[in-house]
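Undergrad: Please see the structure below; I have some questions.
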Amino acid sequence: MKSCGQPARPDARSPESKPMTFKSPAFLWVPLGLALTLSLLDSCLSSQATRAERGHDPWVFRSVMDAQPRMLTLALAPDFWLAYHTDDGALYKAWQDGVDFDGAVYTTRHGPQPTSLGPAWIESDLRNPWTYVSGTGDSLTPSFQFLGHHFEGDRAYLDYRLRLPDGHDIALSESPDYQTSPEGYPGLERVFRVAYLPKGGQLFLHMDLQSLLSVQAIDTDGEWHPTQSGQVLLPGGQGTTLQGVLQLREGQTHFTAWLTPSPTLLPVSEEAEALHPGLALIEGSDCKTCHNETVKTIGPAYTAIAERYETSAANVAMLARKVMRGGAGVWGEQAMTAHPDLTFRDATTMVGWILTLDGEAPLKNTALEEAKTYGIADTIPPPRDGRGIAVNVWQLFEDPAGSMPAVPDYQPVFSGVMPALHAMRDEDFGPLAQGAFYLRATGYLKIPRAGNYVFRLVSDDGSILSIDGQEVINHDGNHGATAKDGELLLSAGKHPFVLDFYEAGGGQALSLQWIAYGEPDFSVVPPSAFSYETADLQAVQPLQMASSAEGANTRPGDGRALADVHPSFRVQTIRPESFQPKVGGLDFLPDGRIVLSTWDPDGSVWIVSNFDQADRDQIQVKRIASGLAEPLGLKVVDGELYVLQKQELTQLIDTDGDEIIDVYRTVCNGWRASANFHEFAFGLVYRDGYFYATLATAILPGGASAQPQIPDRGKVVKISRADGSFEFVAHGLRTPNGVGLGLDGEIFVADNQGDWLPASKIVHVQEGAWYGSRSVDFAGTANLAETLPVVWLPQDEIGNSPSQPVGIEVGPYAGQLIHGEVTHGGIKRVFVEEVGGALQGAVFRFTQGLEAGVNRLVWGPDGRLYIGGIGNPGNWGHEGKLKYGLQRLTYTGDPAFEMLAVRALPGGFEIEFTEPLAAGQGESASDYGLRQWYYLPTENYGGPKMDDRALSASEVEVSADRKKVRLTIPGLKAGHVVYFRLSPDLQSEAGRSLWSTEAWYTLNRLPAI
């Protein structure tokens, strides 16, 4: 195993330990007595200086800073901030104006990370600043290990270990602070503690200082050796630069640098090209969550949108409304988040920039944004004088397949009169906008004067215009709101016309325009030009539209998401209204209280108690830690509390019994990291002396993989609790937001769709496994055999952003697996079986009805399931739900009728139900809709179903107890997903309907005969 360089973990049962639930005072590698003695000396120092209030809460925090990973920042005063590199203990910067907390966890923006603001007193490129000189005069650079930080009184200490080549360890702490001299000058105070310095050995710290008042502006009780100095006129004023070496003695050394009244190092000023207003708006929005400029990710690339849609006012207006209202269907089933707070002006500015990316010159007067629009589904009484257009609309129940369908032989769902044809907004189509439809508009067009007339059809999707029986414009096919022109010689008077239009799904638009006699540009053909025949109006039938995008004529759990909590469980919200945690980690203390970490700007850890109270106002919450970097894992082991930060596993220790964390002890930070916003660490599982976590890959805003990748990304990491050493046990993951224990104590991971991942999946962690992603090491994975998932989670059918898996041991579901879902929402259930020596199984819908997208799951000591919710704008949350939550599910034992298991058998499958089927039910092959397909991982984001085809059962055999059905299914193929959709009319012997009709079985291997 690789070493994080930690000293052995003190035994939690040692005599030094106090009986607290999450502390171990033996943490101090520097002996506690020495630390206390040295802290008394601190009170005698700088008696002539004063200390300011802290500049931020939390005033010590971990993050990326200025594009550098693993930084520790201290807001020593409102106008004095300090940052250190934790990989070598070097001081990076002292500056004035705080931090721009930008990024997903701070502002929801994907890509940016925190940056320092304003001018600086000190900014150093000096790295690895430690030198050790032995008693024999040999000079060397010791290896460095960051051990974390801790608090004593109102001071923070950064704890280090320096290891010499012979294995001897020197303990070192530094406590920086801000001071003000009697004359009012700012000062940087640094207090160093050293222990275990070898006899005769010397330890030196190299410094690179700027903005000093003078060469003499140094106070120290150690030995200071200037090596280079100069008094220069710096950009922000005159100051002294000074390089030197401070010798640190055994015990404590004090050093203060007195600085110029104002910083002298001004921020780097680059003459940046002015951003297009639309791009500036996009940069400040959540668009980067799902879109990239050139690469298709969750949503289409901006360049693809520009290539699909003409740069016209019509398309700008139509797309702007799509941005504001959200929706799905144009580029796939993934719904775009609505932006109701976005103004139409801003939305059109954003879209306007996007449509310039293909270099196309804008068309003039295509959309006629100011023209009045007419609602197709708004029936008006037929005018007695016959003015207007007869419009009939038929619902389409089959895919138009990219071309104009024939006039349906059934009744339309709408028949009425429209004054003109100009419908450019979603609301102009009313409920028709939910699905596919065909429209025919008929009547007469009044031509005022003979001549050549130019007509224009703007439509999304296909349209065809005929006048006098002659086709004038054929704008057929699936496409966006684009324009096509046609010209025809017409005599004065009325001319019969027919306009056919179909919509295949997604966005819709229809506009009939002309260049009127004597006019220079296009305009909407006005109502005064139209008349119609009453005989063209038809009787109508009711509109049969789906209640959601997932299917028509369905109920919850049948072709679409469940709506409520599972019948066998009862949900309870267990947080006060004012407590809104975005839960990153969740566990229990030995006394039964909840402890959780939050994915928020403060990076906090909280204790929740008294949550059995019916009155939520009586539930108590207490923040015990803060300043952690995006903590997405938490685990309590033998009363000790561990938190997984973005770039470190940390133990949190309380030393004085008030439960507020005093020590943030680094357990392991040995894996490599960059400043990329998406390099999350997810966890946390503990088994047999080791922690298990997963490391996400770096991605660009929108979801495409960054290149090159840090080699350690996309892996499962195993960390020793005893000494912090680590090793990678599996690789080939992308965004594995969820690791948990399940079947027989095995470890499972949920990975999220993206490049090399056509759908999300649940995988079984095995030593040396490779799970298919090639984004980290494309060449090195070319000949690897992929370890197949336990289950695929078809995108937006049963998954979108799966999170933590855990086992379930209640009711008939005991021995199965469940996992949360952040974006698709709710909890899914997985039946797992072993076939051919590997695990595979079926996934089912399990429950919805929760307050937020589900990020973390843990079974409490009371046998209840505790649920931590999370959410963020864009595609990182369950639409329509809260962005935070804390709830629990109690198993009631109330019955539910559903598929309990789907098992692979030679030649088919066995479906087991939770209750017996009613007599005469489930005996027909028509009760079992079946399909199969496979996935082909590619470098593209996501992927289609390959070889998607229907199957049918040739034989159906119901067991004697009517709880099992065996299906013989010809044509099954290994390496495919088999989809089951049972008839919603099936009922149990007790008269209950199916809770959910669907299952997805991942048939990696066919059972042996």
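Per this note's numbering, the very first residue in the sequence shown carries number 116; after that it's consecutive.
In this text, a Cβ means the ideal position worked out from N, Cα and C, and glycines have one as well.
Computed from a predicted structure; not experimentally measured.
(1) Does the Cβ of T1117 have 16 or more other Cβ atoms within 10 Å, making it buried, or fewer, making it exposed?
(2) Identify, in the order they occur along the chain, each residue of the same chain with its Cβ nearer than 8 Å to the Cβ of N407, setting aside the five sequence neighbours on each side.
(3) Unbroken alpha helix (DSSP H) runs of length 4 or more, entirely within the stretch 267-329: which are they?
(4) Look up N898 in the DSSP assignment and say whether it is helix, strand or coil.
(5) Between which two residues does the alpha helix (DSSP H) harbouring W468 extend?
(6) Hey, out of G592, F529, G550, whose CA is closest to A516's CA?
(7) Could you please give the first and the last residue of the uninterrupted beta strand (DSSP E) stretch that includes A1075?
(8) Compute the Euclidean distance between the alpha carbons of A619 and G550, then round it to the nearest angstrom.
(9) Output the boundary residues of the alpha helix (DSSP H) element that contains Y221.
(10) Hey, which unbroken runs of the beta strand (DSSP E) at 3 residues or more fall wholly within the stretch 183-216?
(11) If I follow the unbroken alpha helix (DSSP H) through T418, where does it start and stop?
(12) Buried or exposed for L1109, please, with buried defined as at least 16 other CB atoms from any protein chain shown within 10 angstroms of its CB.
(13) For P341, write down the residues that DSSP places opposite it in a beta bridge.
(14) Go to L69, then tell me how far its alpha helix (DSSP H) extends in each direction, as first and last residue.
(15) Could you check if D334 is buried or exposed, using at least 16 other CB atoms within 10 Å of its CB as the buried criterion?
(16) Below 8 Å, can you find three or more Cβ-Cβ pairs linking the stretch 1094-1101 to the stretch 1040-1053?
(17) Helix or strand or just coil, what does DSSP make of K561?
(18) Buried or exposed for G503, going by 16 or more other Cβ atoms inside 10 Å?
(19) CB V864 to CB V906, shorter than 9 Å?
(20) Which of the three DSSP states, helix, strand or coil, is assigned to C405?
(21) In the DSSP output, which residue or residues are listed as bridge partners for W1115?
(22) Can you give the Cα-Cα distance for S1039 and D1009, rounded to whole angstroms?
(23) Quick one: is I709 buried, meaning 16 or more other Cβ sit within 10 Å of its Cβ, or exposed?
(24) Report the partner residues of G1106 according to the DSSP bridge assignment.
(25) Give me the DSSP bridge partner(s) of S231.
(26) Are there 16 or more other CB atoms within 10 angstroms of the CB of E385, so buried, or fewer, so exposed?
(27) Rounded to whole angstroms, what is the Cα-Cα separation between V220 and P716?
(28) Using only CA atoms, which one of Y489, D524, M519, S530 lies nearest to N507?
(29) Please classify Y900 as buried or exposed, where buried requires at least 16 neighbouring CB atoms within 10 angstroms.
(30) Taking 7 Å as the limit between beta carbons, can you name the residues of its chain near L1125, skipping five residues before and five after?
(31) How big is the Cα-Cα spacing for W885 and A845?
(32) Counting only runs that start and end within the stretch 1009-1055, where is the beta strand (DSSP E) found for 3 or more residues in a row?
(33) Might you give, ordered along the chain, the residues of its own chain that have their beta carbon closer than 7 Å to the beta carbon of L262, omitting 5 neighbours on each side?
(34) Taking E924 as the reference, which of P534, Y293, L932 has the closest Cα?
(35) Kindly indicate which three-state DSSP category G707 falls into: helix, strand or coil?
(36) Given a cut-off of 9 Å on the beta-carbon distance, is the pair L743 and S719 in contact?
TA: On the basis of the coordinates in this document:
(1) buried
(2) A416, Y417, L815, P816, G817, G818, A819
(3) none
(4) coil
(5) 459-469
(6) G592
(7) Counting along the chain, A1075 falls outside any beta strand (DSSP E), and DSSP gives it neither H nor E.
(8) 7 Å
(9) 219-222
(10) 183-192, 195-200, 206-210
(11) 417-423
(12) buried
(13) G359
(14) Outside the shown range of the chain, which is 116 to 1124, sits residue 69, and nothing can be said about it.
(15) buried
(16) yes
(17) strand
(18) buried
(19) no
(20) coil
(21) V958, Y1094
(22) 29 Å
(23) buried
(24) Looking at the DSSP assignment, G1106 forms no beta bridge with any residue, so it has no partner.
(25) V214
(26) The predicted position of E385 is uncertain, since its pLDDT is 40 and thus under 50; no value can be drawn from it.
(27) 6 Å
(28) S530
(29) The residue asked about is misnamed: residue 900 is Ala in this sequence, not Tyr. Exposed: under 16 other Cβ atoms inside 10 Å.
(30) Outside the displayed span of the chain (116 to 1124) sits residue 1125, for which this structure offers no information.
(31) 6 Å
(32) 1014-1020, 1023-1028, 1043-1049
(33) W144, D274, Y275, R276, R780, T781
(34) L932
(35) coil
(36) yes
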